[in-house]
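**Q**
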Amino acid sequence: MILTNTAKSGGKLVADSHLVPATMVSAFVGKQIKAYVSSTPNATAIIKFLGTVISTYPPSPKAAAFSSRGPNHVTPEILKPDVIAPGVNILAGWTGASSPTDLEIDPRRVQFNIISGTSMACPHVTGLAALLRNAYPSWTPAAIKSALMTTTYYLDNSGKNITDLATGKKSSPFVIGSGHVDPNKALDPGLVYDIDVQDYISFLCSIGYNARNIAIFLKEPATVHCWETKLSTPGNLNYPSFSVLFKSGKNEVKYTRLVKNVGSSVNATYEVTVNAPPNVEVNVSPRKLVFSTANQTLSYEITFTSISDAFQSILGSSSFGSIEWSDGSHRVRSPIAVRWVEGTQRHFISSI
Numbered sequence: 014m015i016l017t018n019t020a021k022s023g024g025k026l027v028a029d030s031h032l033v034p035a036t037m038v039s040a041f042v043g044k045q046i047k048a049y050v051s052s053t054p055n056a057t058a059i060i061k062f063l064g065t066v067i068s069t070y071p072p073s074p075k076a077a078a079f080s081s082r083g084p085n086h087v088t089p090e091i092l093k094p095d096v097i098a099p100g101v102n103i104l105a106g107w108t109g110a111s112s113p114t115d116l117e118i119d120p121r122r123v124q125f126n127i128i129s130g131t132s133m134a135c136p137h138v139t140g141l142a143a144l145l146r147n148a149y150p151s152w153t154p155a156a157i158k159s160a161l162m163t164t165t166y167y168l169d170n171s172g173k174n175i176t177d178l179a180t181g182k183k184s185s186p187f188v189i190g191s192g193h194v195d196p197n198k199a200l201d202p203g204l205v206y207d208i209d210v211q212d213y214i215s216f217l218c219s220i221g222y223n224a225r226n227i228a229i230f231l232k233e234p235a236t237v238h239c240w241e242t243k244l245s246t247p248g249n250l251n252y253p254s255f256s257v258l259f260k261s262g263k264n265e266v267k268y269t270r271l272v273k274n275v276g277s278s279v280n281a282t283y284e285v286t287v288n289a290p291p292n293v294e295v296n297v298s299p300r301k302l303v304f305s306t307a308n309q310t311l312s313y314e315i316t317f318t319s320i321s322d323a324f325q326s327i328l329g330s331s332s333f334g335s336i337e338w339s340d341g342s343h344r345v346r347s348p349i350a351v352r353w354v355e356g357t358q359r360h361f362i363s364s365i
């Protein structure tokens, strides 16, 4: 049996188990096969097994068409997704309580199966987080996330931007977030963007949670005064990426970030490189961070200015860029996603 992929699923082929001998081809190849079958009454075909081929063609990795993607419609000031990880055709352990096809009529039982989905990417990242936790027991979950996000790569093995298989075009931060996780680099990120419990409380206050709502998240009882602690904007959460909304009548957005030096060098100087999104001016102050003590934390302010004179012409569009802090041996990169939207008020979860 030959299965033809749908055009919507892109060119990526997902290995599925079947009850009968079967193979899957892309929508493009499927059309060619159908045309061939229709052209002759004696159509024949063979399958050649080429084994493992190591090459830069086709390029790898690619973002799967089914991969979760942004923008973040719940809290648009926080860029999502965070990262991408291996999640297509993964050889994984399989339960003996079910067949490889998940069909009741399938009597087969196997110890391993080939699985695809975010449920496969997630355990890859979970394992990396566990390795980082073992290497740095004192790190917070936010520091671990930061290390994973700021050390990713966004170019494939041919040196081009990672392709989005849903469109066939290069991926944006709304598709791959910061990029593809890189375990070795994550072990030595240089700088981390840390977030503590109070930071999260201030963030929840800024998106409309009240003290009663927030108490659900707290392990220990605490008194929360949102009017004193809430962030001026949800985008001021100390996140390792930037999501910027320009609304009608507002052409400037400012965020503040804190970075902690976790590199091996106590005396480290980081300088910033800005890759500004089209139609946006990006200013970072200061442009140099000089660390002199272990685990020292320094802050910087980043200002985004829309420089387009025709707001209506770019309304609804998106633009992407990045900033990168480097001391010569570490490269701490944060993606930037900018959108021009209608100037509507946020729908708060509750009144405070």
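Those letters in the sequence shown? Residues 14 to 365, by the numbering used here.
The beta-carbon is built from N, C-alpha and C at its ideal position, and this holds for glycine as well.
#1: Out of Asn274, Val96, Val345, Ile127, point me to the one whose CA is closest to His31's CA.
#2: Between which two residues does the alpha helix (DSSP H) holding Ser326 run?
#3: Could you compute how far the alpha carbon of Ser278 sits from the alpha carbon of Val272?
#4: Sorted by chain position, which residues of the same chain lie with C-beta nearer than 7 angstroms to Phe324's C-beta, five sequence neighbours on each side aside?
#5: Using 10 angstroms around the beta-carbon of Pro34, count the other beta-carbons present and answer buried if the total reaches 16, otherwise exposed.
#6: Which term fits Phe216, buried or exposed, when burial requires 16 or more other beta carbons within 10 angstroms of its beta carbon?
#7: Starting from the Cα of Val266, find the closest Cα among Asp195, Ala350, Ser51 and give me that residue.
#8: Just the Cα atoms here: how many angstroms apart are Phe255 and Ile91?
#9: Tell me the rounded alpha-carbon separation between Thr114 and Asp29.
#10: Alpha carbon to alpha carbon, what distance is there between Ile336 and Val285?
#11: What did DSSP end up calling Ser73 once you bin it into helix, strand or coil?
#12: Would you kindly check if the distance between the Cβ of Ser331 and the Cβ of Asn292 is under 8 angstroms?
#13: To which residues does DSSP link Trp387 through a beta bridge?
#14: Does Asp177 come out as helix, strand or coil in the three-state DSSP assignment?
#15: Hey, quick one: how far does the beta strand (DSSP E) through Met162 stretch, first residue to last?
#16: At 3 residues or longer, what runs of the beta strand (DSSP E) sit wholly inside the stretch 276-346?
#17: Looking at the structure shown, is Arg146 part of a helix, part of a strand, or coil, going by DSSP?
#18: Using the rule of at least 16 other Cβ atoms within 10 Å of the residue's Cβ for burial, across every protein chain shown, is Ile229 buried or exposed?
#19: Under 6 angstroms Cβ to Cβ from Ile365, same chain only, skipping five residues before and after it: list those, please.
#20: Just curious, the beta strand (DSSP E) that Val420 is in, first and last residue?
#21: Which residues share a DSSP beta bridge with Lys273?
#22: I'd like the list of long-range same chain contacts for Thr306, defined as Cβ closer than 7 angstroms, with 5 residues on each side in sequence excluded.
#23: Count the other C-beta atoms from every protein chain shown that fall within 10 angstroms of the C-beta of Asn147, then say buried if there are 16 or more, exposed otherwise.
#24: Would you mind working out which of Pro72, Ile227, Ser219 sits nearest Lys243, comparing C-alpha positions?
#25: If we call anything under 8 angstroms between Cβ atoms a contact, is Ser129 one with Asn102?
#26: Classify Phe125 as helix, strand or coil using the three-state DSSP reduction.
#27: What does the alpha-carbon distance come out to for the pair Pro89 and Pro247?
#28: Residues bridged to Thr17 by DSSP?
#29: Can you tell me whether His137 is helix, strand or coil according to DSSP?
#30: DSSP puts Tyr252 in a beta bridge; with which residues?
#31: Using a Cβ-Cβ cut-off of 7 angstroms (strictly less than) and excluding sequence neighbours within five positions of Asn251, which residues of its own chain qualify?
#32: Out of Ile327, Val275, Trp338, Leu258, point me to the one whose CA is closest to Val287's CA.
#33: Check Ala224 in the structure and name its three-state DSSP category.
#34: Express the C-alpha separation of Gly334 and Pro348 in angstroms, rounding to a whole number.
**A** Short version:
#1: Residue mapping note: residue 31 aligns to position 18 of the sequence shown, counting from 1. Ranked by how close their Cα comes to the Cα of His31, the residues Asn274, Val96, Val345, Ile127 have Ile127 in first place.
#2: The residue labelled residue 326 in the question sits at position 313 within the sequence shown. Element bounds for Ser326: 324-327.
#3: Looking up residue 278 in the sequence shown gives position 265. Looking up residue 272 in the sequence shown gives position 259. Between Ser278 and Val272, the C-alpha separation is close to 15 angstroms.
#4: Taking the first residue of the sequence shown as position 1, residue 324 is located at position 311. The beta carbon of Phe324 is closer than 7 angstroms to those of Ser261, Trp353 in its chain, skipping five residues each way along the sequence.
#5: In the sequence shown, the residue the question calls residue 34 occupies position 21. Per the 10 Å Cβ criterion, exposed.
#6: In the sequence shown, the residue the question calls residue 216 occupies position 203. That one is buried.
#7: By 1-based counting over the sequence shown, the position of residue 266 is 253. Checked all of Asp195, Ala350, Ser51; the closest Cα to Val266 is Ala350.
#8: Position 242 of the sequence shown, counting from 1, holds the residue named residue 255. Position 78 of the sequence shown, counting from 1, holds the residue named residue 91. Taking the straight line from one Cα to the other gives about 7 angstroms.
#9: Locating residue 114 in the sequence shown gives position 101, counting from the first residue. Locating residue 29 in the sequence shown gives position 16, counting from the first residue. Spanning the two alpha carbons is a distance of roughly 8 angstroms.
#10: As a first step, residue 285 is located in the sequence shown; it is residue number 272 there, counting from the start. As a first step, residue 336 is located in the sequence shown; it is residue number 323 there, counting from the start. It is roughly 7 angstroms from the alpha-carbon of Val285 to the alpha-carbon of Ile336.
#11: One-based indexing of the sequence shown puts residue 73 at position 60. Ser73: coil per DSSP, three-state reduction.
#12: Locating residue 292 in the sequence shown gives position 279, where the first residue counts as 1. Locating residue 331 in the sequence shown gives position 318, where the first residue counts as 1. Not in contact: Asn292 and Ser331 (Cβ atoms no closer than 8 angstroms).
#13: There is no way to answer for residue 387, as the model of the chain reaches only from 14 to 365.
#14: Translated into positions along the sequence shown, residue 177 becomes position 164. Residue state, collapsed to three classes: strand.
#15: Taking the first residue of the sequence shown as position 1, residue 162 is located at position 149. For Met162, there is no enclosing beta strand (DSSP E); the enclosing alpha helix (DSSP H) has its first and last residue at 154-163.
#16: Counting whole runs of 3 or more residues, the stretch 276-346 contains the beta strand (DSSP E) stretches 281-288, 293-298, 301-304, 310-319, 331-339.
#17: Taking the first residue of the sequence shown as 1, we reach residue 146 at position 133. In the three-state DSSP reduction, Arg146 falls in the helix class (H, G or I).
#18: Start at 1 with the first residue of the sequence shown, and residue 229 comes out as number 216. So Ile229 ends up on the exposed side.
#19: Reading the sequence shown from its first residue, position 352 is the one you call residue 365. With a pLDDT of 40 at Ile365, under the threshold of 50, the predicted position of this residue should be treated as unreliable, and no value is reported.
#20: As shown, the chain starts at 14 and ends at 365. That puts residue 420 outside it, with no answer to give.
#21: Residue mapping note: residue 273 aligns to position 260 of the sequence shown, counting from 1. Looking at the DSSP assignment, Lys273 forms a beta bridge with Val205, Thr310.
#22: Taking the sequence shown and counting its residues from 1, the one referred to as residue 306 is at position 293. If we look at Thr306 and ignore the five residues flanking it on each side, its Cβ neighbours are Val279.
#23: Along the sequence shown, read from residue 1 onward, the residue named residue 147 stands at position 134. The residue is exposed, with fewer than 16 neighbouring Cβ atoms inside 10 Å.
#24: As a first step, residue 243 is located in the sequence shown; it is residue number 230 there, counting from the start. The closest CA to that of Lys243, considering only Pro72, Ile227, Ser219, is found on Ser219.
#25: For the purposes of this step, residue 129 is taken as residue 116 along the sequence shown, with counting starting at 1. For the purposes of this step, residue 102 is taken as residue 89 along the sequence shown, with counting starting at 1. Yes, the Cβ-Cβ distance between Ser129 and Asn102 is below 8 angstroms.
#26: Here residue 125 is taken as the residue at index 112 of the sequence shown, counted from 1. Residue state, collapsed to three classes: strand.
#27: On the sequence shown, residue 89 is found 76 positions in, with the first residue counted as 1. On the sequence shown, residue 247 is found 234 positions in, with the first residue counted as 1. Between Pro89 and Pro247, the C-alpha separation is close to 9 angstroms.
#28: Reading the sequence shown from its first residue, position 4 is the one you call residue 17. DSSP lists Val38 as partners of Thr17.
#29: Residue numbering aside, residue 137 sits at position 124 when the sequence shown is read from its first letter. It is helical.
#30: Counted from its first residue, the sequence shown places residue 252 at position 239. Bridge partners of Tyr252: none, in fact.
#31: Position 238 of the sequence shown, counted from the first residue, corresponds to residue 251. Excluding residues within five positions, the ones whose Cβ falls inside 7 angstroms are Tyr206, Asp207, Ile208, Asp212, Arg270, Leu271.
#32: Position 274 of the sequence shown, counting from 1, holds the residue named residue 287. When only C-alpha atoms are compared, the closest one is Trp338.
#33: Here residue 224 is taken as the residue at index 211 of the sequence shown, counted from 1. Helix at Ala224.
#34: Counted from its first residue, the sequence shown places residue 348 at position 335. Counted from its first residue, the sequence shown places residue 334 at position 321. Approximately 6 angstroms, taken between the alpha carbons.
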